[in-house]
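Peer 1: Dumping the structure here so I can ask a few things about it.
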Amino acid sequence: MAKKPLYLALFVLFFALFLGGGPSAASSKERILEFSSVIDVSKDGTLTVREDITFLVENREIKRGIYRSFPIKYKDKMGNVMRMDFHLLEVLLDGRSVPHKTSTEGNMLKIRIGDPNKLLSKGIHTYTITYQTSQVSFFEDHDEIYWNATGNNWPFPIDKARAWVSLPEGTPILQMTAYTGRFGSHEQKARWEKDGSVAYFETTSPLLENQGLTIAVSFPKGYVNPSEEYKKRQKQYRTAATLNWLLPLICLLLVTSYYGLTWLKVGKDIKAGPIIPIFRPIKGLLPSEASYLYRQKFNEDAFVSTIIDLAVKGFIKIEEKEEGLLKFLGKNKKYTLIRQQGQDTDLSLPEQKFLAELFRDMPYISLDKSSASHIKAARNGLKEWLNSWGKRYLKSNLKWVLAGCTLSAILLTISGFFLSTLKGSTGIFAFMTLWLSIWTLGTAKLFTSTLSLFKEAISRSKFWLVLRAFIMAAFSIPFVMGEIFGVTTLAFVVSPLFAVSVVVIMILNLVFWRLMKNYTPEGAELLRHIKGLRMYLQVAEKDRIRHLASLPIPDRTPEHFERLLPFAIALGVEKAWASQFQDVLSASNYSPAWYSGRSFYGGIYYGNLVSNLSGSIGSAIASSGVSPGSSGFGGGGFSGGGGGGGGGGGW
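For what it's worth, the UniProt record's numbering labels the leading residue of the sequence shown as 1, then goes sequentially.
And the structure:
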């Protein structure tokens, strides 16, 4: 029975040794026993720093030596990268010279200390590193040493950290403070005192891994003069600050000047005389041509007006039917286009081609998916014809716009590359420039298409158009957000003013892309007549028309209404035109021979006809896959702040 206490004691001892790692586990952990830093400040602002770092080495992380890293690149208040001077004077191990090698990794200077072919003996070793730099901070009312004495990036705990700051003899010390802990910490587990022009700091508790000691000493101006390196950095700072706003401004002025002068030369509208009401279109002018010239582009109104025009001329009959569960509410209208017999020779060549492509050899087509290929062929043929016809009357001036876009791209790329170099972010800038150049084109196209849809929805006042516009707007949101993200990124990696100039220049290119389109003298005169016709179609007040017009106003008859109806559709004023004839059409119980259905009953539902036709045509087109269109004081200090810093490790 006496053996049981002995076995129990041995078991407890073994268990304790197993958990604790042996009696020497705590003492054998590699760490920095003491980190001493002496900062000697000369009158010319040069700092001579001697660091004595005493390690307990166990050949775990520290096998052949250590490395010490120092930040030599900082970002100023504008985000520009500023390089600090750093001159390594001496490196010692236990008071003797030791092999070492320096290299630059990012914004850090790394000193690798030790013999790569020799294992460092276990035990206590002291590394001494002496270097010079010039990192005195000069403020309006005082000067300051704000210094990260140990660095915060050590993988070892630090038992004790000390720092001495020796100012030029006779320099009074105004304030002192210190911060401890991880980067950004405001802890002050340290004490400090001064003796004349010497400030002393030491920690009051051990520092853990990745913790450090940062100190700050302020003194009156005039005792330390800015070094040449400091003056050089200040000059660089002022130059960079100036370039941050000057280069974007130059880009903006050059692009604006280019477009302004070019617009005056080739883009300014030609004055073609006053616009007066015209009661009849110019002979030979098609509604689709009037639409194209007025809008300076192909529009779905050109397609719909062509169908109505051919119907009025007797070559097409439009049949309306209501099908499905919603027919009693008049909500599900189906349209059929029936080919009528007529002499095609009475039509112009583009009208003949349009009819041939729309019907081919079929007697009728339905405005739904089954006729998508017919509608697509007729629409594309009409668009091709109008683009060819419009060259006589319109000048796109596309080469001038492309030159402006090229100028914008070159200026922004050069200035952005230069400014991003100051911030050390050329790689990000290059990527964002490439990405935005593609993304912006798609976003701009989507944005302009959405605006056009909203404009059409407002003019038509139809629910399905409004809904379609909002769907397009919702679809555009992620693309716009991506554009905002890209521009915001440019603001960070280059400068906010540069990002603003990018946005403004993009807007300038979009605006002048539209403004640079112009009319030939012949086109300007034809446009004047088209605008005069639109004025007549749009304005209901007879007295106003009579005052503006020089010719007698035609009588309001159903025949006159029909004759100009395709042009009202082409120019987007069909509702205003119909409202002028509402009483006439109702009184005559108007029902056109070319239309069968309720939408023209007495003219009451006329406004729905065009919208429903457009909707049916749009759905058919869509189904075919064709789109319609700091200081260390005053609360600003923290552990890891100021000059100096970095860290180190073993190797």
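By construction, the Cβ of each residue, glycine as well, lies at the ideal position given by its N, Cα and C atoms.
This structure is a prediction, so every number in the text was calculated from the model and none was measured.
#1: Taking the alpha-carbon positions, what's the Pro566 to Ser373 distance?
#2: Rounded to the nearest angstrom, what separates Phe354 and Ile276 at their Cα positions?
#3: Considering Lys110, what are the terminal residues of the beta strand (DSSP E) in which it resides?
#4: Determine, using beta carbons only, whether Ala190 and Ala178 come nearer to each other than 7 Å.
#5: Measure the C-alpha to C-alpha separation of Gly591 and Glu559 and round it to an integer number of angstroms.
#6: Whose C-beta lies closer than 7 Å to the C-beta of Leu252 among residues of the same chain, with five residues either side of it excluded?
#7: What does a CB cutoff of less than 6 Å around Leu358 pick up in its chain, not counting 5 residues either side in sequence?
#8: What are the uninterrupted segments assigned as alpha helix (DSSP H) that are 4 or more residues long and contained completely in the stretch 253–329, given in chain order?
#9: How should residue 673 be labelled, buried or exposed, when 16 other C-beta atoms within 10 angstroms of its C-beta is the threshold for buried?
#10: How far does the alpha helix (DSSP H) with Lys423 in it extend, from its first residue to its last?
#11: Does DSSP classify Gly625 as helix, strand or coil?
#12: May I ask which residues mark the beginning and end of the beta strand (DSSP E) holding His87?
#13: Given this structure, state the Cα-to-Cα distance separating Lys455 from Tyr74, to the nearest angstrom.
#14: When you compare each of Thr46, Tyr335, Glu202 to Glu228 by their alpha carbons, which one comes out closest?
#15: How many angstroms separate the CA atom of Ser24 from the CA atom of Gly181?
#16: Taking DSSP as the reference, what is the three-state secondary structure of Arg68?
#17: Does the beta-carbon of Tyr127, which I'm using as the reference point, lie nearer than 6 Å to any heavy atom of the ligand PLP?
#18: Considering only DSSP beta bridges, list what Leu337 is partnered with.
#19: What does DSSP give as the partner residue(s) for Thr203 in the beta ladder?
#20: Using a Cβ-Cβ cutoff of less than 7 Å, which residues in the same chain neighbour Tyr258 once the five nearest sequence positions on both sides are dropped?
#21: Quick one: does Ile278 have its CB under 7 Å from some CB of chain C?
#22: How should Pro554 be labelled, buried or exposed, when 16 other C-beta atoms within 10 angstroms of its C-beta is the threshold for buried?
#23: For Leu510, which option in Ile53, Thr256, Val57, Leu213 has the closest C-alpha, if you only look at C-alpha atoms?
#24: Counting C-beta neighbours from all protein chains within 10 Å, is the total for Val224 16 or more, i.e. buried, or is it exposed?
#25: Ile158 lies in the beta strand (DSSP E); which residues open and close that run?
#26: Helix, strand or coil: how does DSSP classify Met481 here?
#27: Mind checking which residues open and close the beta strand (DSSP E) that includes Gly181?
#28: Does the count of Cβ pairs from the stretch 66–73 and the stretch 97–116 closer than 8 Å reach three?
#29: Buried or exposed for Lys423, going by 16 or more other Cβ atoms inside 10 Å?
#30: May I ask which residues mark the beginning and end of the beta strand (DSSP E) holding Leu386?
#31: Exposed or buried, which one is Trp435 when buried takes at least 16 other CB atoms within 10 Å?
#32: Using the Cα positions of Val266 and Leu293, report the straight-line distance between them to the nearest angstrom.
#33: Please list, in chain order, all residues of the same chain as Gly486 whose beta carbon is under 7 Å from its beta carbon, the five residues on each side excluded.
#34: From Leu349 to Ile278, what distance separates their C-alpha atoms?
#35: Rank Glu351, Ala356, Leu347, Lys369 by C-alpha distance to the C-alpha of Thr336 and give the top, closest one.
Peer 2: This is what the structure gives:
#1: Cα to Cα, Pro566 sits roughly 24 Å from Ser373.
#2: The alpha-carbon atoms of Phe354 and Ile276 are separated by roughly 32 Å.
#3: Annotation: the continuous beta strand (DSSP E) that includes Lys110 extends over 108–114.
#4: Taking the C-beta atoms as reference points, Ala178 is found nearer than 7 Å to Ala190.
#5: Looking at the sequence itself, residue 591 is Ser, so the reference to Gly does not match. About 11 Å.
#6: Around Leu252: Ser501, Val504, Ile505.
#7: By the criterion of a C-beta distance shorter than 6 Å, Leu358 is surrounded in its chain by His374, Ala378, once the five residues flanking it on both sides are discounted.
#8: Listed in chain order, the complete alpha helix (DSSP H) runs (minimum 4 residues) inside the stretch 253–329 are 287–295, 300–312.
#9: The requested residue 673 does not occur in the structure, where the chain is confined to residues 1 to 651.
#10: Start and end: 398–423.
#11: With a pLDDT of 46 at Gly625, under the threshold of 50, the predicted position of this residue should be treated as unreliable, though the coordinate-derived value follows. Reduced to three states, the DSSP call for Gly625 is coil.
#12: Secondary structure note for His87: its beta strand (DSSP E) is the uninterrupted segment 86–93.
#13: Using only the alpha carbons, I get a separation of about 51 Å.
#14: Ranking Thr46, Tyr335, Glu202 by Cα distance to Glu228 puts Thr46 first.
#15: Below a pLDDT of 50, predicted positions are generally treated as unreliable, and Ser24, at 41, falls in that range; the measurement from the model is reported next regardless. Taking the straight line joining both Cα atoms gives about 27 Å.
#16: Strand.
#17: Ligands in the displayed structure: none, and consequently the ligand PLP is not present.
#18: Looking at the DSSP assignment, Leu337 forms a beta bridge with Ile318, Ile365.
#19: Looking at the DSSP assignment, Thr203 forms a beta bridge with Ala190.
#20: Excluding sequence neighbours, Tyr258 sits near Gly404, Leu407.
#21: No chain C appears in the structure shown, which is made up of a single protein chain.
#22: Result: exposed.
#23: Leu510 has its Cα closest to that of Thr256, out of Ile53, Thr256, Val57, Leu213.
#24: With a 10 Å radius around the Cβ and a threshold of 16 neighbouring Cβ atoms, Val224 comes out buried.
#25: Ile158 -> no beta strand (DSSP E), and no H or E assigned at all.
#26: The answer is helix: DSSP assigns Met481 an H, G or I state.
#27: First-last of the beta strand (DSSP E) with Gly181: 175–181.
#28: Because the criterion of three Cβ pairs below 8 Å is met, the stretch 66–73 and the stretch 97–116 touch.
#29: Lys423 comes out buried.
#30: Not the beta strand (DSSP E): Leu386 falls in the alpha helix (DSSP H), residues 372–390.
#31: Exposed, because fewer than 16 other Cβ atoms sit within 10 Å of the Cβ of Trp435.
#32: Rounded to whole angstroms, Val266 to Leu293 spans 18 Å at the Cα level.
#33: Once the five neighbours on either side are set aside, the close Cβ partners of Gly486 are Met432, Trp435, Leu436, Trp439.
#34: Distance from the CA of Leu349 to the CA of Ile278, rounded to the nearest whole angstrom, comes to 26 Å.
#35: Closest option to Thr336, Cα to Cα, is Lys369.
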